[in-house]
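There are 2 protein chains.
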Amino acid sequence: MTTRTLHLNAFLMGVGHHEAAWRHPRTEPARLTDVRHYQQLARVAERGRLDSLFLADGLALQGDVRHNALGGLEPLTLLSALATVTDHIGLIATVSTTYNEPFHVARKFASLDHISGGRAGWNIVTSAAEAEARNFGIERPAHADRYARATEFLEVVTKLWDSWEDDAVVGDRRAGLYADAGRIHPLDHDGTHFRVRGPLNTSRTPQGHPLLVQAGSSQDGKEFAARFAEAVFTAQQTLAEGQEFYADLKGRMARYGRNPGELLVLPGISPIIGSTEREALRLEKELEDLIIPAYGLAQLSHMTGIELSHDDLDRPLPEVSVETEGAQSRRKLVIDLARRENLTVRRLLGRLAGGRGHRVVAGTPEQIADEIQVWFENGAADGFNIMPPTLPGGLEDFVDHVVPELQIRGLFRREYEGRTLRENYGLARPASRYAAPARDEELDAVVAS
Amino acid sequence: MTTRTLHLNAFLMGVGHHEAAWRHPRTEPARLTDVRHYQQLARVAERGRLDSLFLADGLALQGDVRHNALGGLEPLTLLSALATVTDHIGLIATVSTTYNEPFHVARKFASLDHISGGRAGWNIVTSAAEAEARNFGIERPAHADRYARATEFLEVVTKLWDSWEDDAVVGDRRAGLYADAGRIHPLDHDGTHFRVRGPLNTSRTPQGHPLLVQAGSSQDGKEFAARFAEAVFTAQQTLAEGQEFYADLKGRMARYGRNPGELLVLPGISPIIGSTEREALRLEKELEDLIIPAYGLAQLSHMTGIELSHDDLDRPLPEVSVETEGAQSRRKLVIDLARRENLTVRRLLGRLAGGRGHRVVAGTPEQIADEIQVWFENGAADGFNIMPPTLPGGLEDFVDHVVPELQIRGLFRREYEGRTLRENYGLARPASRYAAPARDEELDAVVAS
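Chains A and B supply the protein sequences, listed in that same order.
The first sequence begins at 177 in the numbering used here and counts up by one.
The second sequence begins at 177 in the numbering used here and counts up by one.
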């Protein structure tokens, strides 16, 4: 038994994370744009008492649409439709800081936080793909410039969320006083990337700040996470790598005046679950047999920067230099994986098809729980980002078979601790930076009375 | 009896359109950020078989928050939460073309159209307020520049909506062919304001194009509406003005190759409803008695450009020149109203408090229906934009008492004609501009077989 509680996020992606999921009999690819599909997934995740669900996003059609189910829904629009059919689960959407304005982003997440009763989270991305820049008429900014913008973006967004103090709305109908204007603050932000007057035109939300999530693993990404993020999604293939990342990230927090408990590290895991190990391996093989090599080759070429063709399938990955730092952490992970396990390109495609570099584990519920427990108890994870190979089936398997095993082991909750995402993640609700301390005491006195 | 069908839109605004609604016992101002309030309104409007509901929006906190219930939810985020609790009603959100990017806007409305099964509509605005510009770090662009950008914005958005042909998704699991890449098109748009590569990363939606709505009444605004809009919300005080606007707008359409039936003109009306005329007038008086003159004076000063104080309350509006054209159509309307009816400033505030320049009619359900019928049958309206003074009560009154009267007169539907907003508005579904005609015939053959 441990006194820490595991945190689990359901990473939802179309009809499954495996790139061939749409071809497998367990899925219905026509449900890609059907809100009821996602509502069902949200309800299943909530039945499993998962902390949150998460939708990734990009701002361009990427990957070969001939061979994968692409063209789904925009995350923020979708999440408020999921908020209304759930009560507890957190709702995390990916939104880019490179191709947006802070006022819009602050307002949409504030709205989602109101609509969901305090369950909104923002996965902050800086949009690395050139294809995305081409949909916004600009050259893709350099990595460091994207992070510089993201940093100021976060300053502005959090100021906007703070611009209405908690007790700004008075609502005194008799006196005709709706709000105390002295508790609603302009920002007058005037920075390098943004000039924003404020205040926000949406009142202070249940969580104060919707939860801040991040997934970059570059130096800039880790530094950004150490400063702002409250949860980090990450791809780590081995326990040793997971431990190193965990210690590295948590170690960076002190310089921003934060303690390690204020950030949850959630590595990705794609669990391929069978009632026996043989059944799990059979499902893994079924999915692998549905892979279209041309699709994977294009993805792998894009990810590694190596031009690959069908002729390379049964050879090892060509030798290339790997920068150990910089923007391309996923590239390094993939090349390391191929070298470490001495994989042919074909085998590497199979390993990547399940989770695009995230760890894939096929086994019984007990074996999956073992993996989770080892990482959780050995300084590599505060929880996991669950990436079911097929949806809804793979999520149902996890909720019905792995979650009970984790509960029996005392690792995972049987009931939600709170109503907001912050409460379930065990994170504090931030105060408004504009609130005078004396006023807070007054408010406490009012609340206590 | 008429063979035309009236179209009715529920214009939802917080706890009511009357600026003092939040002080009236019929409302609960704390519901301003409560999604259940809006879900209730959507269900009431759908019970009344209204075509659509609509949320206005601005990108700054405008008006004095001390004296009015401000700081509500962002429309697009809210609408998908309403989509999931309704089946038929159209869902129209205001989004600005001045402070957004076409790729985002196309994608969010496409997502809402998928989520709602073809009920999304976009009220296109260009954001006239200086306060809005200050939240985006730029000088407010001139009126003509805003419309020039809006025009190109619409070109890009509709191209993005067309970028996936209707039959682009094949979904052949056995062959491993998800989509026909030849039916998904880049735009390669390269214009004055935007360079957008495309295609969209959301597939073709049920309506093809979410419905395009507009509300500008300037020359530029009317020209833009004649070119793009399929429904127009407008403020018109008298039948003669309504007729003039209606004929003017419809007369402009031919130059864009459109016929008058492809655009619905929906003037605003705030119905204050009583079972007797006396009861209606009493409710109007109750609301008027709750007005805070300082709030209305500030609004009126802003709207007219005339500095007004408490000392002016019992005098006529000072003489000012009124341009007959240009950006300030609402200014002209207000000044004309004061002159025509010889109103003191105090009386003018009372007239504006109900609908900010939209027509306010207090009376019995029969009297309200009479007004609607006269405008509908005399070339001033294809329907109305219903602006209840209080919410939900004012909308319930309209649905329970005015709608049945309109149905008895044969003016309004008893059941929805279709499932999409376009079907209920009686408007065609646009074809993708990228679809080859021959392919359309093939598709028809497939659909018919």
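Where is the CB? At the ideal position from N, CA and C, for every residue including glycine.
### Query
From this set, B:R180, B:T181, B:A218, B:L182, which residue's C-alpha is nearest G569 of chain B's C-alpha?
For the options B:R180, B:T181, B:A218, B:L182, the alpha carbon positioned closest to that of G569 of chain B is the one of B:A218.
#### Entry: Within chain B, partners of Y592 of chain A - CB distance below 7 Å
Going along chain B, no residue has its Cβ under 7 Å from Y592 of chain A, so there is no contact; the nearest lies around 20 Å.
### Query
Could you give the residue range of the beta strand (DSSP E) that holds N630 of chain B?
What the structure shows of chain B is the stretch from 177 to 625, and residue 630 of chain B is not part of that stretch, so it cannot be assessed.
### Message
Distance check for A351 of chain A and G234 of chain A, CA to CA, integer angstroms please.
### Response
49 Å
### Query
Is the stretch 589-606 of chain A touching the stretch 219-238 of chain A in the sense that three or more CB pairs, one from each, lie closer than 8 Å?
yes
### Extent of the continuous beta strand (DSSP E) to which Y214 of chain B belongs
Taken as a continuous stretch (DSSP letters only), Y214 of chain B belongs to no beta strand (DSSP E), being part of the alpha helix (DSSP H) at 211-223.
### Message
If you reduce the DSSP assignment to three classes, tell me which class N299 of chain A lands in.
### Response
strand
### Query
Which of the residues in the stretch 352-369 of chain B, read from start to end, lie with their CB under 7 Å from any CB of chain E?
The structure shown contains no chain E; its protein chains are A and B.
### Query
Apart from the five residues on each side of it in sequence, which residues of its chain come closer than 6 Å, Cβ to Cβ, to E339 of chain A?
Going by the sequence as given, residue 339 of chain A is Ser instead of Glu. So the list reads H361, G374, P375, L376, once near-sequence residues are dropped.
#### Entry: 8 Å Cβ cutoff, A245 of chain A in contact with chain B
At least one chain B Cβ lies under 8 Å of A245 of chain A.
#### Entry: Nearest candidate by alpha-carbon position, reference N185 of chain A, set A:G444, A:H243, A:A318, A:E341
A:G444
### Task
Could you tell me which residues DSSP pairs with N276 of chain A in its beta bridges?
In DSSP, N276 of chain A forms no bridge with anything.
#### Entry: Contact list for E277 of chain B against chain A, beta-carbon separation under 7 Å
Y275, F312
### Query
Looking only at its own chain, which residues have a Cβ that is under 7 Å from the Cβ of L246 of chain A, when we skip the five neighbours before and after it?
L237, G239
### Task
Determine the burial state of G502 of chain A: buried for a count of at least 16 other Cβ atoms within 10 Å of its Cβ, exposed for fewer.
With a pLDDT of 49 at G502 of chain A, under the threshold of 50, the modelled position of this residue cannot be trusted; read the value that follows with caution. Its Cβ having fewer than 16 others within 10 Å, G502 of chain A is exposed.
### Message
Using only CA atoms, which one of A:L459, A:V521, A:E495, A:M429 lies nearest to A470 of chain A?
### Response
Taking only the C-alpha atoms, the option nearest A470 of chain A is A:V521.
### Task
Give the interface partners of I468 of chain B over in chain A, defined as CB-CB distance under 8 Å, in chain order.
G352
### Task
Please check the pair H369 of chain A and E315 of chain A, which I expect to be a contact at CB under 8 Å, by giving their CB distance rounded to whole angstroms.
16 Å between Cβ atoms; not a contact.
### Task
Please compile the residues from chain A whose C-beta is within a distance smaller than 9 Å of the C-beta of G248 of chain B.
For a Cβ distance threshold of 9 Å, residue set S287, H290, N377, T378, S379 of chain A lies close to G248 of chain B, ordered along the chain.
### Task
Ignoring anything shorter than 4 residues or poking outside the stretch 365-445 of chain A, list the alpha helix (DSSP H) runs there in chain order.
395-404, 415-427
#### Entry: Same chain, Cβ closer than 6 Å to G384 of chain A, five either side skipped, listed in chain order
R605, P606
### Query
So, helix, strand or coil for G248 of chain B, using DSSP?
Looking at G248 of chain B - three-state DSSP - the assignment turns out to be coil, as it is neither helix nor strand.
### Task
For my contact list, A259 of chain A and S292 of chain A are in at a C-beta cut-off of 8 Å; report their separation, rounded to the angstrom.
About 4 Å; that satisfies the 8 Å criterion.
### Query
Does the stretch 305-322 of chain B come within contact of the stretch 403-413 of chain B, defined as at least 3 CB pairs closer than 8 Å?
By the C-beta criterion, the stretch 305-322 of chain B is judged not to be in contact with the stretch 403-413 of chain B, since fewer than 3 inter-stretch pairs fall below 8 Å.
### Task
From the DSSP output, in three-state form, read off L513 of chain B for me.
helix
#### Entry: For F552 of chain B, the first and last residue of its enclosing beta strand (DSSP E)
Note, F552 of chain B: premise wrong, no beta strand (DSSP E); alpha helix (DSSP H) at 541-553.
### Query
Given that a residue counts as buried once 16 or more other Cβ atoms are within 10 Å of its Cβ, and exposed if not, what is E550 of chain A?
Position check: residue 550 of chain A holds Val in this sequence, whereas Glu was assumed. Answer is exposed; the Cβ neighbour count stays below 16.
### Query
Whole-angstrom Cβ separation of I449 of chain B and I548 of chain B, contact assumed at under 8 Å?
About 12 Å; that fails the 8 Å criterion.
#### Entry: Inter-residue Cα distance where the pair is E483 of chain B and S477 of chain B
5 Å
### Query
Using a Cβ cut-off of 8 Å, which residues of the stretch 222-241 of chain B contact any Cβ in chain A, in chain order?
G234, L235, A236, L237, Q238, D240, V241
### Query
Secondary structure at F329 of chain B, three-state DSSP: helix, strand or coil?
Shown here, F329 of chain B sits in a helix according to DSSP, grouped into three states.
### Task
Taking the CB atoms as reference points, tell me whether I300 of chain B and Q395 of chain B lie closer together than 8 Å.
no
### Message
When you compare the CB of L254 of chain B with every CB in chain A, is at least one pair closer than 8 Å?
### Response
For L254 of chain B, at least one C-beta of chain A is nearer than 8 Å to its own C-beta.
### Task
Specify the secondary structure class of N505 of chain A as computed by DSSP and reduced to three states.
According to the sequence shown, residue 505 of chain A is Ser rather than Asn. Three-state result, S505 of chain A: helix.
### Task
Check the DSSP bridge columns for W340 of chain A and list the partner residues they point to.
Answer is A:I360, bridged to W340 of chain A.
### Query
Applying the criterion that 16 or more other CB atoms from any shown protein chain within 10 Å of the CB defines a buried residue, is V579 of chain B buried or exposed?
buried
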